[in-house]
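Protein chains in written order, with this note's numbering: chain D, 1 to 98; chain H, 99 to 583; chain X, 584 to 1059.
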Amino acid sequence: MANIISDETIEYVGILAKLELDSEEKEQAKKDMGRMLDYIDKLNELDTDGIEPMSHIFPVDNVFREDEVCNGDGREITLANAPERKEDSFVVPKTIVG
Amino acid sequence: MSLMNLTAVGLGKKIQNKEVSAPEAAKAALDAIKAKEAEINSFVTVDSEGALKRAEEVQKLIDKGKLAGSLAGVPVAVKDNMCTKGLLTTCSSKILGNYIPMFTADAVLNLEKAGAVIIGKTNMDEFAMGSTTETSAFGPTKNPWDTGHVPGGSSGGSCAAVAAEECPYALGSDTGGSIRQPSSFCGVTGIKPTYGTVSRYGLIAYGSSLDQIGPVAKDVTDCATILEVISSYDQKDSTSVKRDNYNFTSALEDNVKGMKIGIPADYFGEGLDREVKEAVLNAAKELEKKGAVIEEFNLSLVDYAIPAYYIIACAEASSNLARFDGVKYGYRTEDYNGLHNMYKKTRSEGFGAEVKRRIMLGSFVLSSGYYDAYYIKALKTKALIKKAFDKAFNKYDVILGPAAPQTAPALGESLSDPLKMYLGDIYTISANLAGLPGITVPCGISSKRLPIGLQLLGNCFEEKNIIRVAYAFEQTREYAHSPLA
Amino acid sequence: MKQYETVIGLEVHVELATKTKIFCSCPTEFGGAPNSHTCPVCTGMPGSLPVLNKKVVEYAVAVGLATNCSITQNCKFDRKNYFYPDNPQNYQISQLYYPICRNGGIEITTENGITKTIGIHEIHMEEDAGKLVHDEWGESSLVDFNRSGVPLIEIVSEPDMRSAEEVIAYLDKLRLIIQYLGASDCKLQEGSMRADVNLSIREAGTEEFGTRTEMKNLNSFKAIARAIEAEKERQIDIIESGGKVVQETRRWDDNKEYSYAMRSKEDAQDYRYFPEPDLVPVIISDSWLEEIKLSQPEFRDEKLKRYKEEYKIPDYDAQIITGNKHLADIFEAATAICNNPKKVSNWLMVETMRLMKENDMEPEQLKFSPENLAKLVNLAESRVINSQTAKEVFEKVFSDDIDPEKYVEENGLKTVSDDGALREIVQKVIEENPQPVEDYHNGKKKAMGFLVGQIMKEMKGKADPAMANNILKELL
């Protein structure tokens, strides 16, 4: 089954991933995605009825921390690499507050 | 003869015996790097000042008898996706081109506690996405065996640095084969441990359920020694596994009598280079001579591992890399118009083509309407693959095969056909899906003078089995130094 | 005229009262300089990893049990992916596929006396986002991650509510339960409890659900009520004029009393949930469940009983005071200090309630401390100040949490109980008011009141009225 990736799909995925492609890149992306999805479709050959999806390989569970404060004033560490900063806050283009 | 010709353990011994000082060792590494970097480009950052300073400190502690371990004073190169406090950490990406972490990865901290001297950060495929180190934003690394060829990836810089003898050992990371494949292309030894053995805290994530940090060095003894030091149970990493013991070096014994070695017939089909096949099968014969029992079997599901891997890895990556948005750290685009424009431009300008490709594929397979068909399907496939390995390891102690279907490709050959490049991961990928430990050791040189690597896979938590078999096989050969060594 | 039914469901986010955040050991304490309560984990630094706070699980289970949910004994976390500056990783760790609690319900009694059960679809754990503040000086916003990673539980109700009254009753009951568990202080105004309203309308008697909208930014019970009425009307208008309600998120502006759509084509609203690979599943064994059940603090009904038996408070008062954890806490703390439950109760039931109503306040907004209330009670009981003065002082305690002892001292409000001085004034008043005195002698009792009033005036309110009365009677 050939996967034909449309312009809409590439644009939609671009919105999800916050990526902007120029027209050349878009064409290439459509081709690449199409080919990769064709290859991935191979999985349809495999009968996985009744198989539990395995998100974690080891049966490890209940890894917890105690509710005790261990961290101090994190400002220096947090803001050290800030591309734009105003006093102790990060600066970003205006957003709708809410 | 440079000190860099020695193994890490060998150099460590000389340092403990006071034959060599840590600063001398550091200087030898820096000299080697200076001499060879122009040709191979294995480093993103060389920290001469920091390394020499640190070597002095370490030497003082050694003199006081406070650092008596095998790696004390030995220089190490760290792949540039592991955070090193105060030292540039870029993941070979423009988007982190100016990023200086405020903490150090736990695996690296473990090395520092043992007296390691970090000489620099090695080049890699951008965000560990790639198999040739050609997707790096800072130019490709060249293979020290033939600089017209790639070193493999994504830990190409680490493997090339060791093969070129710029440094005695290095740390790499492995998500789909990124330690094992470049080790095989560069003729060095590398280990990917069982998932959860080495802390992922401070490793900049690509595929969270697949990533592991591991050693790259000239031989099995070095790798086992390094693995012992970097492994630990870390409470800051919820996926960290508390192992019963970490004495991997106890397996360094030339004794494989009675060990059962399985060779998957499905690994030896079309697409496998003839010379690679020959070298790998010869290696099996050597092990047989030593008393191992070799048997061919059907592993099955081999063809489904790659699509399952790419779905899972790209899905996780698309989410892990979302944080790179120009807000808190790293690159921010200069001209933008509003928030979403800033996001898009920053990421589009900051990420390379392969990274963007994988992020887009990952976002797509997780998107509404496709999640069950792709992501859930991949997780089910993963479950089946694990089952197949469980079955295999009921019969065999170790699974033997090639590390890659061919030797190192020439530069510039691979990126135009991403799918073909992905198919090259066929032997290494399943180990990441199933969390298995794997080791690559050199087992031959091709007619074109390119190294061939042998891969051994063990069951989860059975590093000792693969170390033992690898060590025994290693004794049958001389270590081949690369032309640039 | 068609009859319409309003169908309402609520998504309530509650900030849990843990000391540390959900995935790191940063303090959850309110305030502090921006980004001072942060670390690599809650700011999404590359290489950081989350580790779950055990207490969050315990609170979530406790709330689930108290709201009659079944506990998902094998629950997992998922990533919810979306880009926004207050979300440091551009994904939120939440629970979609296996939330910790499911299929519960709480009983409410509406103002009409109707009892009904509001279903709870699920409760899940998740992390809060940071805060965005507009920079007054320009075209940018400032990001503060102090709140990022604060643990939340989200309580999703079934669309079982049919009016604003039912919504308020539900929120009130939910708040009561959670406060009593100590799981959160549930202050709507401070954001430790946030309610998003999902509303649709349909013709009365029909089964099918209409298209619903989601409303955000509802910061008080009154705002919620107003928003519900307005949205109901808005949707009815659309339907009546032949249009279709658009499924969207709307932001309520309580000052302007209207809502507007928060639409953006930049947000696909496709969250691409997938299991969080950095966290392992949470298994809640039967024994752990038992442990959590047994360690619950005193519930409302027990407290009610105790107040009536121990403090001898009448049922009506006890109902009101225990009806809100804050009030109950103030009551108990003040009583512990001054040992006068009846008076403390009185002050809460009469003056406090009055002032709360006047100022349109919820009990969570009460600012005064139990210590100061206790002091006031003592001052009044020992008659250092008279009842009128006490009322005035209380107003100050209520609004500014002043120390009544200091205040009385500084403003010289002590009742003058000096017999001599009082006598002088009484005498003076008698002399200055011959007519009222005569009226009194002629049997006009009202004149007494007038004279006492005059005495109080002379004394600037600081006389003990009872005492003034006696002396007056004596001298007349």
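Just so you know, even glycine gets a beta-carbon here, dropped at the ideal spot from N, CA and C. Bear in mind the structure is a predicted one, so any value in this text is a computation, not a measurement.
When we look at the beta-carbon of residue i and count the other beta-carbons within 10 Å, is it buried (16 or more) or exposed?
{"i": "residue 1059(X)", "result": "exposed"}
{"i": "residue 509(H)", "result": "buried"}
{"i": "residue 433(H)", "result": "exposed"}
{"i": "residue 1068(X)", "result": "Only positions 584 to 1059 of chain X appear in the structure, and residue 1068(X) is not among them; the question remains open."}
{"i": "residue 22(D)", "result": "exposed"}
{"i": "residue 98(D)", "result": "Confidence in residue 98(D) is poor, its pLDDT being 39 and thus under 50, which makes the residue's placement unreliable; the coordinate value appears in the next sentence. The residue is exposed, with fewer than 16 neighbouring Cβ atoms inside 10 Å."}
{"i": "residue 347(H)", "result": "buried"}
{"i": "residue 863(X)", "result": "buried"}
{"i": "residue 551(X)", "result": "Here chain X comprises residues numbered 584 to 1059, so residue 551(X) is not present and cannot be evaluated."}
{"i": "residue 818(X)", "result": "buried"}
Mind pulling the chain D residues with CB within less than 8 angstroms of residue i?
{"i": "residue 1137(X)", "result": "Past the boundaries of the shown model lies residue 1137(X); chain X is included only from 584 to 1059, so the question cannot be answered."}
Residue i by DSSP, collapsed to three states: which one?
{"i": "residue 446(H)", "result": "helix"}
{"i": "residue 707(X)", "result": "strand"}
{"i": "residue 106(H)", "result": "helix"}
{"i": "residue 553(H)", "result": "strand"}
{"i": "residue 98(D)", "result": "Only weak support exists for where residue 98(D) lies, its pLDDT of 39 falling under 50; the value from the coordinates is given anyway. The answer is coil: DSSP assigns residue 98(D) none of H, G, I, E or B."}
{"i": "residue 90(D)", "result": "strand"}
{"i": "residue 582(H)", "result": "coil"}
{"i": "residue 527(H)", "result": "helix"}
{"i": "residue 243(H)", "result": "coil"}
{"i": "residue 987(X)", "result": "helix"}
{"i": "residue 541(H)", "result": "strand"}
{"i": "residue 321(H)", "result": "helix"}
{"i": "residue 930(X)", "result": "helix"}
{"i": "residue 431(H)", "result": "coil"}
{"i": "residue 596(X)", "result": "strand"}
{"i": "residue 141(H)", "result": "strand"}
{"i": "residue 978(X)", "result": "helix"}
List the residues of chain X whose Cβ lies closer than 7 angstroms to the Cβ of residue i, in chain order.
{"i": "residue 95(D)", "result": "668, 715 and 724"}
{"i": "residue 426(H)", "result": "626, 627 and 671"}
Under 8 angstroms, Cβ to Cβ, is there at least one residue of chain A near residue i?
{"i": "residue 7(D)", "result": "The structure shown contains no chain A; the protein chains it does contain are D, H and X."}
In chain D, which residues lie with their C-beta within 9 angstroms of the C-beta of residue i?
{"i": "residue 866(X)", "result": "61 and 62"}
{"i": "residue 397(H)", "result": "Result: empty, since nearest Cβ-Cβ is about 14 angstroms, beyond 9 angstroms."}
{"i": "residue 616(X)", "result": "73, 75, 87 and 88"}
{"i": "residue 718(X)", "result": "86, 89, 91 and 94"}
Closer than 7 angstroms by beta-carbon distance: list the chain D residues that pair up with residue i, in chain order.
{"i": "residue 409(H)", "result": "40"}
{"i": "residue 454(H)", "result": "19"}
Chain H partners of residue i, CB-CB under 7 angstroms?
{"i": "residue 20(D)", "result": "442, 443 and 446"}
{"i": "residue 834(X)", "result": "Per Cβ cutoff of 7 angstroms: no residues; residue 834(X) is ~17 angstroms from chain H at best."}
{"i": "residue 861(X)", "result": "306, 336 and 337"}
Run down chain X in chain order and give the residues with a C-beta less than 8 angstroms from the C-beta of residue i.
{"i": "residue 299(H)", "result": "630, 631 and 632"}
Using the beta-carbon of each residue, which ones in chain H are nearer than 8 angstroms to residue i?
{"i": "residue 853(X)", "result": "465 and 466"}
Chain X partners of residue i, CB-CB under 9 angstroms?
{"i": "residue 423(H)", "result": "666, 668 and 673"}
**Message:** Please identify, using Cβ separations under 9 angstroms, the residues of the segment 28 to 56 of chain D that lie next to chain X, in order along the chain.
**Reply:** Those residues of the segment 28 to 56 of chain D that come within reach of chain X (Cβ to Cβ, closer than 9 angstroms) are 53, 55 and 56.
**Request:** Compile a chain-ordered list of the residues in the segment 931 to 961 of chain X whose CB is closer than 7 angstroms to at least one CB of chain H.
**Result:** Answer set for the segment 931 to 961 of chain X: empty.
**Request:** Compile a chain-ordered list of the residues in the segment 888 to 914 of chain X whose CB is closer than 9 angstroms to at least one CB of chain D.
**Result:** Those would be none; no residue qualifies.
**Request:** Tell me, please, whether the segment 369 to 376 of chain H touches the segment 334 to 348 of chain H by the rule of three or more beta-carbon pairs shorter than 8 angstroms.
**Result:** Judged by Cβ distances under 8 angstroms, the segment 369 to 376 of chain H makes no contact with the segment 334 to 348 of chain H, as fewer than three pairs qualify.
**Cβ-based contacts, 9 angstroms cut-off: residues of the segment 67 to 86 of chain D near chain H** = Along the segment 67 to 86 of chain D, the positions whose C-beta sits under 9 angstroms from a C-beta of chain H are 76, 77, 78, 79, 80, 81, 82, 83 and 84, read in chain order.
**Request:** Return the residues of the segment 642 to 657 of chain X that lie within a Cβ-Cβ distance of less than 9 angstroms from chain D, sorted by chain order.
**Result:** Taking 9 angstroms as the upper bound on Cβ-Cβ separation, chain D lies near residues 657 of the segment 642 to 657 of chain X.
**Asked** Of all the residues that make up the segment 189 to 213 of chain H, which are near chain X by a beta-carbon distance shorter than 9 angstroms?
**Response** From the segment 189 to 213 of chain H, only 189, 194, 197, 199, 200, 201 and 203 have a Cβ closer than 9 angstroms to chain X.
**Prompt:** Counting Cβ pairs closer than 8 angstroms, one from the segment 826 to 846 of chain X and one from the segment 591 to 601 of chain X, do we hit at least three?
**Reply:** These segments do not touch.
**Contact residues within the segment 625 to 642 of chain X, judged by C-beta distance below 9 angstroms to chain H** = Correct list: 626, 627, 628, 629, 630, 631, 632, 633, 634 and 635.
**Asked** Pairing CB atoms from the segment 66 to 79 of chain D with CB atoms from the segment 613 to 627 of chain X, are three or more of them under 8 angstroms?
**Response** When C-beta atoms of the segment 66 to 79 of chain D are compared with those of the segment 613 to 627 of chain X, three or more pairs fall below 8 angstroms, so the two segments count as touching.
**Three CB pairs or more closer than 8 angstroms across the segment 138 to 150 of chain H and the segment 254 to 267 of chain H** = Taking a cut-off of 8 angstroms for Cβ pairs, the segment 138 to 150 of chain H and the segment 254 to 267 of chain H touch, as three or more such pairs fall below it.
**Message:** With three or more C-beta pairs closer than 8 angstroms as the rule, is the segment 245 to 256 of chain H touching the segment 282 to 299 of chain H?
**Reply:** The segment 282 to 299 of chain H and the segment 245 to 256 of chain H touch, with no fewer than 3 CB-CB distances between them shorter than 8 angstroms.
**Message:** Under 8 angstroms, CB to CB, which of the residues in the segment 331 to 358 of chain H have a partner in chain X?
**Reply:** Along the segment 331 to 358 of chain H, going in chain order, the ones with a CB nearer than 8 angstroms to a CB of chain X are 333, 334, 335, 336 and 337.
**Asked** Closer than 8 angstroms, Cβ to any Cβ of chain D: which residues of the segment 474 to 495 of chain H, in chain order?
**Response** Contacts with chain D (Cβ-Cβ distance below 8 angstroms) from the segment 474 to 495 of chain H involve 474, 475, 476, 477, 478, 479, 480, 481, 482 and 484, listed in chain order.
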